[in-house]
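Q: Numbering (full-length UniProt numbering), first residue to last: 1 to 359.
Every residue, glycine too, gets a C-beta built ideally from N, C-alpha and C.
This structure is in structure tokens; I'll ask about it shortly.
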Amino acid sequence: MKELIDILKRDRKLLPEEFAALINGMSEEDALYLKEQAFQVKEQFFGNKVFTRGLIEFTNYCKNDCYYCGIRKSNVNAVRYRLTLEDILSCCEEGYGLGFRTFVLQGGEDLRYSDEDIEQICRSIKNKYPDCAITLSIGEKSYESYKRYKEAGADRYLLRHETADEEHYRLLHPESLSLKERKQCLWNLKELGYQVGTGFMVGSPFQTAECIAKDLAFIKELEPAMVGIGPFLPHHDTPFKEYPKGSYELTLRMIAILRLMIPNGLLPATTALGTIHPMGREAGISWGANVVMPNLSPVRVRKKYELYDNKICTGDEAAECRSCLQRRMLTVGHEIVTARGDFIPYTFEAEGKENLCTM
Ligand code: SAM
1 MKELIDILKR
11 DRKLLPEEFA
21 ALINGMSEED
31 ALYLKEQAFQ
41 VKEQFFGNKV
51 FTRGLIEFTN
61 YCKNDCYYCG
71 IRKSNVNAVR
81 YRLTLEDILS
91 CCEEGYGLGF
101 RTFVLQGGED
111 LRYSDEDIEQ
121 ICRSIKNKYP
131 DCAITLSIGE
141 KSYESYKRYK
151 EAGADRYLLR
161 HETADEEHYR
171 LLHPESLSLK
181 ERKQCLWNLK
191 ELGYQVGTGF
201 MVGSPFQTAE
211 CIAKDLAFIK
221 ELEPAMVGIG
231 PFLPHHDTPF
241 KEYPKGSYEL
251 TLRMIAILRL
261 MIPNGLLPAT
271 TALGTIHPMG
281 REAGISWGAN
291 VVMPNLSPVR
301 VRKKYELYDN
311 KICTGDEAAE
321 CRSCLQRRML
331 TVGHEIVTAR
341 GDFIPYTFEA
351 EGKENLCTM
């Protein structure tokens, strides 16, 4: 397996069957080797710096019914909320004061916000904070809508593909959603010049090593700026409530594999990783992640954005979240930086040795 890890580090890719073999056949010793290699690559590109993004979960209404998600349309027990433009701007104000230079606006697919509303949100944030990046994560929209948001100031877009295996996609989603459409959205976003983030859950029901191999092959093809992965965690009010959690160890290994595939990539140590294990986000950084996303949403709505059970950080004020994460990062020798943390394309062929945090 070490040989496969060396090839992955050198070529930044493997064949799908090699990925599957690596995932299935990795010993503890191989995993430690993988971790060392990934950490080295991250150090080379980013030093001990961790980028931070202020997450604003602005609506938990959703028109979709994904079988795994706690805010799915059919969950009648979800207590729904929407933030106003004023609410969102006040989250940004607090976040800016705390050193955030990226705001991530995430929500369910809520049709109450028209394209004009999203444009207005983007324009208002950009007007007040022109030095900040805006990331949208509001699901599948038309090419024209994505274009409008971009023109209104959105810089980045997060849209996890969820799984790159057609059959697996069908088992996680109702008929109204398709992998083809999801992928097309990602290609459209790329064409429009967004810094694009994709990703998937590790250990979602029915996932196999072959599914993950397809995820990695798709990620290689897409060449995203960001990849968000976290373990699947069941939610008690969804059809998948009885399914087991994804594996913590496999999630860490996947972060390391992604770091070797995308040395200059932005890889978050996600909230789901921090939920499955109390030191999950710290471990994520040690296995190659370089982004954390503290929550800036008002405390009164935090618990309501419940994608899975026992989600962490639902009771703390933004400032507490920020300083808690800063302390946590220090325990693994890392520091949070006040920077937009844009994706910097890198010509690997030229093989410079710049540290991207200094660029
Ligand atoms: N509506 C937007 C979209 O579809 O991209 C963004 C919000 S969606 C709730 C954000 C992500 O949460 C999804 O892409 C999914 O991977 C993750 N998620 C949802 N339910 C989850 C669960 N039970 N366990 C872990 N992650 C989950």
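(1) Using the beta-carbon count (16 or more within 10 Å), is GLU306 buried or exposed?
(2) Please report how far the alpha carbon of SER27 lies from the alpha carbon of GLY107, in whole angstroms.
(3) Alpha carbon to alpha carbon, how far is LYS2 from LYS63? Give it in angstroms, no decimals.
(4) One question on the structure: do GLY230 and THR198 come within less than 8 angstroms of each other, judged by their Cβ atoms?
(5) Taking 8 angstroms as the threshold (beta carbon to beta carbon), is GLU36 in contact with chain D?
(6) Check whether the region 124 to 133 touches the region 164 to 175, counting contact only when three or more Cβ pairs, one atom from each stretch, lie closer than 8 angstroms.
(7) In chain order, which continuous runs of the beta strand (DSSP E) of length 3 or greater are located wholly inside the region 285 to 315?
(8) Is SER74 helix, strand or coil by DSSP?
(9) Look at the alpha carbon of residue 362 and the alpha carbon of ASP309, and state the distance between them as a whole number of angstroms.
(10) Is the region 218 to 237 touching the region 30 to 40 in the sense that three or more CB pairs, one from each, lie closer than 8 angstroms?
(11) Per DSSP, GLN195 is paired with what?
(12) Using DSSP's beta-bridge definition, name the partner residues of PHE200.
(13) For TRP287, count neighbouring Cβ atoms within 10 angstroms of its own Cβ and tell me buried if that reaches 16, exposed if not.
(14) Tell me, please, which residues DSSP counts as bridged to GLU335.
(15) By the three-class DSSP mapping on this structure, what secondary structure does LYS353 have?
(16) With a 10 Å radius around its C-beta and 16 neighbouring C-beta atoms as the bar for buried, classify SER297 as buried or exposed.
(17) Looking only at its chain, what residues have a beta carbon closer than 7 angstroms to the beta carbon of SER319, apart from the 5 residues adjacent to it on each side?
(18) Leaving aside the five residues before and after MET359 along the sequence, list all residues of the same chain whose C-beta is less than 8 angstroms from its C-beta, in chain order.
(19) Please confirm whether any heavy atom of ligand 1 lies closer than 7 angstroms to the CB of SER137.
(20) In or out: VAL79 buried (at least 16 other Cβ within 10 Å) or exposed?
(21) So does LEU273 have its beta carbon nearer than 7 angstroms to some heavy atom of ligand 1?
(22) Rounded to whole angstroms, what's the CA-CA distance from THR163 to CYS211? Just pull it up for me.
(23) Look at the Cβ atom of PHE100, then the Cβ atom of THR52, and state whether they are nearer than 8 angstroms.
(24) If you follow the alpha helix (DSSP H) that ILE344 is in, where does it begin and where does it stop?
(25) Measure the alpha-carbon distance for ASP87 versus ARG300 and round it to whole angstroms.
(26) For the beta strand (DSSP E) containing ALA21, name the first residue and the last one.
(27) Given LYS126, which residues of its chain have a CB within under 6 angstroms of its CB, disregarding the five upstream and five downstream residues?
(28) Look up ARG12 in the DSSP assignment and say whether it is helix, strand or coil.
(29) Given a cut-off of 8 angstroms, decide if ALA256 and ALA20 are closer than it, judged by their beta-carbon atoms.
A: Working from what's here:
(1) buried
(2) 39 angstroms
(3) 45 angstroms
(4) no
(5) In the structure shown, chain D cannot be found, because there is only a single protein chain.
(6) no
(7) none
(8) coil
(9) The question about residue 362 has no answer, for the chain in this structure spans 1 to 359.
(10) no
(11) ARG156
(12) GLU162, ILE229
(13) buried
(14) LYS49
(15) Note that LYS353 scores 49 on pLDDT, short of 50, meaning its location in the model is unreliable; the coordinates nonetheless yield the value given after this. Here LYS353 sits in coil by DSSP.
(16) buried
(17) Checking the displayed sequence, the identity of residue 319 turns out to be Ala instead of Ser. Within the same chain, ALA319 has close Cβ partners LEU98.
(18) The predicted model places MET359 with a pLDDT of 41, which falls under 50 and marks its position as unreliable; any figure quoted below should be read in that light. These residues qualify, in order along the chain: ILE344.
(19) yes
(20) exposed
(21) no
(22) 7 angstroms
(23) yes
(24) Per DSSP, ILE344 belongs to no alpha helix (DSSP H) and is neither H nor E.
(25) 12 angstroms
(26) Element bounds for ALA21: not the beta strand (DSSP E) but the alpha helix (DSSP H), 16 to 25.
(27) GLY153
(28) coil
(29) no
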